[in-house]
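Asker: Pasting in a structure now, in structure tokens, and then I'll have a few things to ask.
2 protein chains.
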Amino acid sequence: LLAAWKHLALPCADASIILAVSGGADSTAMLLAIHELIESRRLQINPVVAHLDHSLRRESKADAIWVRKLAEKLGYQSEHKRVDVGKLAETTGDNLEQAARRARYDFLLRSAAKRTAGVILTAHTLDDQAETVLLRLLRGSGADGLAGIEPLRRASPASDILLARPLVTWARRSDTEEYCRQRKIEYRSDPMNEDEQFDRVRVRRQLIPLMESFNPKTIETLARTAELLRDELDVLNTMADLLLKKASDRVKGDTTVPALDVRVMAEAPIAVRRRALRQWISAARGDLRRCELAHIKGIEKLLSGEQGGRVAELPAGDKVMRKRSRIEFVVKKHLKSR
Amino acid sequence: LLAAWKHLALPCADASIILAVSGGADSTAMLLAIHELIESRRLQINPVVAHLDHSLRRESKADAIWVRKLAEKLGYQSEHKRVDVGKLAETTGDNLEQAARRARYDFLLRSAAKRTAGVILTAHTLDDQAETVLLRLLRGSGADGLAGIEPLRRASPASDILLARPLVTWARRSDTEEYCRQRKIEYRSDPMNEDEQFDRVRVRRQLIPLMESFNPKTIETLARTAELLRDELDVLNTMADLLLKKASDRVKGDTTVPALDVRVMAEAPIAVRRRALRQWISAARGDLRRCELAHIKGIEKLLSGEQGGRVAELPAGDKVMRKRSRIEFVVKKHLKSR
Chain A
1 LLAAWKHLAL PCADASIILA VSGGADSTAM LLAIHELIES RRLQINPVVA HLDHSLRRES
61 KADAIWVRKL AEKLGYQSEH KRVDVGKLAE TTGDNLEQAA RRARYDFLLR SAAKRTAGVI
121 LTAHTLDDQA ETVLLRLLRG SGADGLAGIE PLRRASPASD ILLARPLVTW ARRSDTEEYC
181 RQRKIEYRSD PMNEDEQFDR VRVRRQLIPL MESFNPKTIE TLARTAELLR DELDVLNTMA
241 DLLLKKASDR VKGDTTVPAL DVRVMAEAPI AVRRRALRQW ISAARGDLRR CELAHIKGIE
301 KLLSGEQGGR VAELPAGDKV MRKRSRIEFV VKKHLKSR
Chain B
1001 LLAAWKHLAL PCADASIILA VSGGADSTAM LLAIHELIES RRLQINPVVA HLDHSLRRES
1061 KADAIWVRKL AEKLGYQSEH KRVDVGKLAE TTGDNLEQAA RRARYDFLLR SAAKRTAGVI
1121 LTAHTLDDQA ETVLLRLLRG SGADGLAGIE PLRRASPASD ILLARPLVTW ARRSDTEEYC
1181 RQRKIEYRSD PMNEDEQFDR VRVRRQLIPL MESFNPKTIE TLARTAELLR DELDVLNTMA
1241 DLLLKKASDR VKGDTTVPAL DVRVMAEAPI AVRRRALRQW ISAARGDLRR CELAHIKGIE
1301 KLLSGEQGGR VAELPAGDKV MRKRSRIEFV VKKHLKSR
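These protein sequences, in sequence, are chains A and B. Position 216 of the first sequence, counted from 1, bears residue number 216 in this note's numbering, the numbering being contiguous throughout. Position 130 of the second sequence, counted from 1, bears residue number 1130 in this note's numbering, the numbering being contiguous throughout.
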């Protein structure tokens, strides 16, 4: 853990750090291991345990109490919140997993802001990485999806808060279970992790075992593939950054993001242009929610000057407009505050 | 087929084209469809049917005769050869599939040279693409592997002969079977396609059906992912080309490939540098056989000037040597003729 900690350049002293702890083996092991490093003075940080009760199971209250007591026993402060994720999913139209994820990261970010913590740690493992790569492969995402869970990234493009996964490049889920057992801590089990109505559970219990009959090192192999793709994407993302800079240097706009020069964008290689357009949209809207390839292609039509008008529609009422030799981003007014 | 033909910019007239025909549904359908396009004068090409008998099954002689007769019936010339792939595999240490593939492409290239054909067509389908992507995922190849079968590529980096797969972006295997049935042609069946001792067969019969229980469009989704990765790789390959050019412009060498400037290579982003080194090795040796990440890392050590000497070993006795501010490729002498 300490090696991964240093590799990610996480703060070793004088810093509050949020630890996302569900009470499962992964996050409990992460908490215990960090505690060990603090006890042996190899880390001098102030961990704050954060637990969100998703209200999806009867036992979730007991889990929350268990996590709070464990944090107290170790001498750490904690942040707790209860959210009705079921209701949230109904309201937003997200599925349960999406709604839970959104509520969780929202809570973690608020906790970080409240505690002036610059880093949030989650306990994703190599197994989570492999499952994520396969789920994204099944859903058809490109290189970005297959690059999997990033060991370190900003919470959002504009945020100063870092999300770090110090276990994701090396620890198997079974390692975390074994670690908890050795320390005689009975971690909590989430029955939803056994419920095969969730794709992730079926990937874990059916798809990965079948793949292991081809290659016993499937988990490690998938994690390594994700790592290779991340290296490749770093290069492409840098090129996309440079393209956006080049395209926006030449023109001035009064929109939330700079207008882009049509010729510069049109001449770029397709993979770089699309990546740059996604970055541009993400910067303007805050995220890429519901933004599909079709929307990007719509903007590309504006660039090539093909028939199809001067406006490309984006989800949620946002628009991209072509004005002479540039394209401008138009955010739908009443959504600006979202 | 004609749409794919035009998209790949394959010659529509005055050209000899090698068609690789095993006698299976895929290649038989491709042959019949091309025949239809010739009959209706939408193509004015001279197809040469090429069939390699791998001697792996008792029925393989009958397959060869069947293909020869079909070609004759349609009025096309054909190229035939018989190779004992089993023995070849024993001699070279390749597995059966590798040896078969190597023998087949060798035969196709010789046929193309003999017939002065600039293009070789193979009948890979969407299903082949998906299977290839999964096999490579299982074996742990990076983006290049996952990019799958290229619809069009040079037979080798230095070759003028093109390998084209006009079915691979759109035709399902079942489409080719149905097409043969409609034309009342009883294509040949290869029992090795049902033999679950081959990973490819188990991918087809076990892994893909399980994945289809998550996403019924798994085949199309995997093929689309491969296409997205190919777009990304085009950009990276172009960058690697430019890097090699930049690094080799400055220095002169008397080796098979230009020596490379150490500083220029060391400063490049890792994914581009590794890609460039692979291209450089491939140009010097003719291929990347048995060249692993460890070999590339060995060369990178020469670049960074770390301890570990002035020489990086490559498979088969080839070497890379650092001489002052550049690295040179040294091909093992007696292998030059391979």
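Built from N, CA and C at the ideal position, the CB exists for glycine as well.
State yes or no: is the beta carbon of Phe-107 of chain A nearer than 8 Å to at least one beta carbon in chain B?
Answerer: No, its Cβ sits nowhere closer than 8 Å to a Cβ of chain B.
Asker: Would you kindly check if the distance between the Cβ of Gln-129 of chain A and the Cβ of Asp-83 of chain A is under 8 Å?
Answerer: First, the residue type needs correcting, since residue 83 of chain A is Val and not Asp in the sequence shown. Result no, Cβ atoms of Val-83 of chain A and Gln-129 of chain A do not sit closer than 8 Å.
Asker: Is any beta-carbon of chain B found at less than 8 Å from that of Gly-142 of chain A?
Answerer: Chain B contact via Cβ: present.
Asker: Would you list, in chain order, the members of the stretch 1195 to 1220 of chain B that have their beta-carbon closer than 9 Å to a beta-carbon of chain A?
Answerer: Answer set for the stretch 1195 to 1220 of chain B: Asp-1199, Arg-1202, Val-1203, Gln-1206, Leu-1207, Leu-1210, Met-1211, Ser-1213, Phe-1214, Asn-1215, Lys-1217, Thr-1218, Glu-1220.
Asker: Would you say Asp-1127 of chain B reaches chain A, if we count a Cβ-Cβ gap shorter than 8 Å as a contact?
Answerer: No, its Cβ sits nowhere closer than 8 Å to a Cβ of chain A.
Asker: Using the Cα positions of Val-1085 of chain B and Glu-1097 of chain B, report the straight-line distance between them to the nearest angstrom.
Answerer: Approximately 9 Å, taken between the alpha carbons.
Asker: Name the chain B residues whose beta carbon is nearer than 7 Å to that of Asp-234 of chain A?
Answerer: Those are Pro-1269, Ala-1271, listed as they occur along chain B.
Asker: Could you spell out where the beta strand (DSSP E) holding Arg-139 of chain A opens and where it closes?
Answerer: Careful: Arg-139 of chain A lies outside any beta strand (DSSP E), inside the alpha helix (DSSP H) at 126 to 139.
Asker: Touching or not, the stretch 1050 to 1063 of chain B and the stretch 1149 to 1160 of chain B, by the rule of three or more beta carbon pairs under 8 Å?
Answerer: No: the two stretches stay apart, fewer than three of their Cβ pairs being nearer than 8 Å.
Asker: Do you know how far the Cα of Leu-1019 of chain B is from the Cα of Leu-1031 of chain B?
Answerer: Rounded to the nearest angstrom, the two C-alpha atoms are 7 Å apart.
Asker: Quick check on Leu-74 of chain A: does DSSP put it in helix, strand or coil?
Answerer: Leu-74 of chain A: helix per DSSP, three-state reduction.
Asker: Since Val-320 of chain A and Ile-299 of chain A are thought to touch, with beta carbons under 8 Å apart, how far apart are those beta carbons, to the nearest angstrom?
Answerer: Confirmed, Cβ separation roughly 5 Å.
Asker: I need the DSSP call for Phe-1214 of chain B, collapsed to helix, strand or coil.
Answerer: Here Phe-1214 of chain B sits in coil by DSSP.
Asker: Please report how far the alpha carbon of Val-1264 of chain B lies from the alpha carbon of Asp-234 of chain A, in whole angstroms.
Answerer: Spanning the two alpha carbons is a distance of roughly 19 Å.
Asker: Between B:Glu-1220, B:Asp-1261, B:Glu-1177, which lies nearest to Leu-1303 of chain B when the distance is taken from Cα to Cα?
Answerer: Of B:Glu-1220, B:Asp-1261, B:Glu-1177, the residue nearest in Cα terms is B:Asp-1261.
Asker: Please list the segments of the alpha helix (DSSP H) lying wholly inside the stretch 247 to 290 of chain A, counting only runs of 4 or more residues, in order along the chain.
Answerer: Complete alpha helix (DSSP H) runs here, min 4: 262 to 267, 270 to 285.
Asker: Contact criterion: CB-CB distance below 8 Å. Does Asp-231 of chain A meet it with respect to chain B?
Answerer: Yes - at least one Cβ of chain B is within 8 Å of the one on Asp-231 of chain A.
Asker: What residue does the alpha helix (DSSP H) around Leu-108 of chain A start on, and which one ends it?
Answerer: 96 to 114 is the span of the alpha helix (DSSP H), which, as asked, contains Leu-108 of chain A.
Asker: Could you compute how far the alpha carbon of Asn-193 of chain A sits from the alpha carbon of Leu-222 of chain A?
Answerer: Looking at the two C-alpha atoms, the distance is approximately 21 Å.
Asker: Is the beta carbon of Leu-1146 of chain B sitting closer than 8 Å to the one on Arg-1139 of chain B?
Answerer: Not in contact: Leu-1146 of chain B and Arg-1139 of chain B (Cβ atoms no closer than 8 Å).
Asker: Please report the straight-line C-alpha distance between Trp-5 of chain A and Arg-1104 of chain B, rounded to a whole angstrom.
Answerer: Going by the C-alpha atoms only, they are around 50 Å apart.
Asker: Quick check on the burial criterion: 16 or more other C-beta atoms within 10 angstroms. Buried or exposed for Val-311 of chain A?
Answerer: The residue in question, Val-311 of chain A, is exposed, as its Cβ has fewer than 16 Cβ neighbours within 10 Å.
Asker: Measure from the C-beta of Met-265 of chain A to each C-beta in chain E and report whether the shortest distance is under 8 Å.
Answerer: In the structure shown, chain E cannot be found, because the protein chains are A and B.
Asker: Pick out the complete beta strand (DSSP E) segments inside the stretch 1033 to 1058 of chain B, 3 residues or longer, and give them in chain order.
Answerer: Runs of the beta strand (DSSP E) inside the stretch 1033 to 1058 of chain B: 1044 to 1053.
Asker: Go ahead and label Pro-1339 of chain B buried or exposed: buried means 16 or more other beta carbons lie within 10 angstroms of its beta carbon, across all protein chains shown.
Answerer: The first residue shown for chain B is 1001 and the last is 1338, placing residue 1339 of chain B beyond what the model contains.
Asker: Could you compute how far the alpha carbon of Pro-315 of chain A sits from the alpha carbon of Asp-127 of chain A?
Answerer: Going from the Cα of Pro-315 of chain A to the Cα of Asp-127 of chain A covers about 34 Å.
Asker: On the premise that Ala-1271 of chain B lies in contact with Asp-231 of chain A, defined as a C-beta separation below 8 Å, what is that separation, rounded to the nearest angstrom?
Answerer: Correct: roughly 4 Å between the Cβ atoms.
Asker: Can you find a CB in chain B that lies within less than 8 Å of the CB of Met-192 of chain A?
Answerer: Cβ-Cβ to chain B under 8 Å: no for Met-192 of chain A.
Asker: Per DSSP, which residues does Val-330 of chain A bridge with? Please list them.
Answerer: Per DSSP, A:Lys-319.
Asker: By DSSP, does Arg-188 of chain A sit in helix, in strand, or in coil?
Answerer: Here Arg-188 of chain A sits in coil by DSSP.
Asker: Near Ala-1112 of chain B, what residues of its chain come up, given a Cβ to Cβ distance below 6 Å and the 5 sequence neighbours on each side ignored?
Answerer: Excluding sequence neighbours, Ala-1112 of chain B sits near Ile-1018, Ile-1120, Ile-1161.
Asker: Quick one: what's got a C-beta closer than 7 Å to Asn-237 of chain A's C-beta in the same chain, skipping five residues either side?
Answerer: Arg-275.
Asker: State the DSSP-derived secondary structure class of Leu-335 of chain A, mapped to helix, strand or coil.
Answerer: Confidence is the limiting factor: at Leu-335 of chain A the pLDDT is only 48, short of 50, which leaves the residue's position unreliable, though a coordinate-based value still follows. In the structure shown, Leu-335 of chain A sits in a helix (DSSP, three-state: H, G or I).
Asker: Residues of chain A with CB under 9 Å from Arg-1139 of chain B, in chain order?
Answerer: Chain A residues near Arg-1139 of chain B: Phe-214, Asn-215, Thr-221.
Asker: If you draw a straight line from the C-alpha of Cys-180 of chain A to the C-alpha of Leu-1229 of chain B, how long is it?
Answerer: C-alpha separation (whole angstroms): 40 Å.
Asker: Just verifying my parser: in three-state terms, what is the DSSP assignment at Val-1168 of chain B?
Answerer: If DSSP states are grouped into helix, strand and coil, Val-1168 of chain B belongs with coil.
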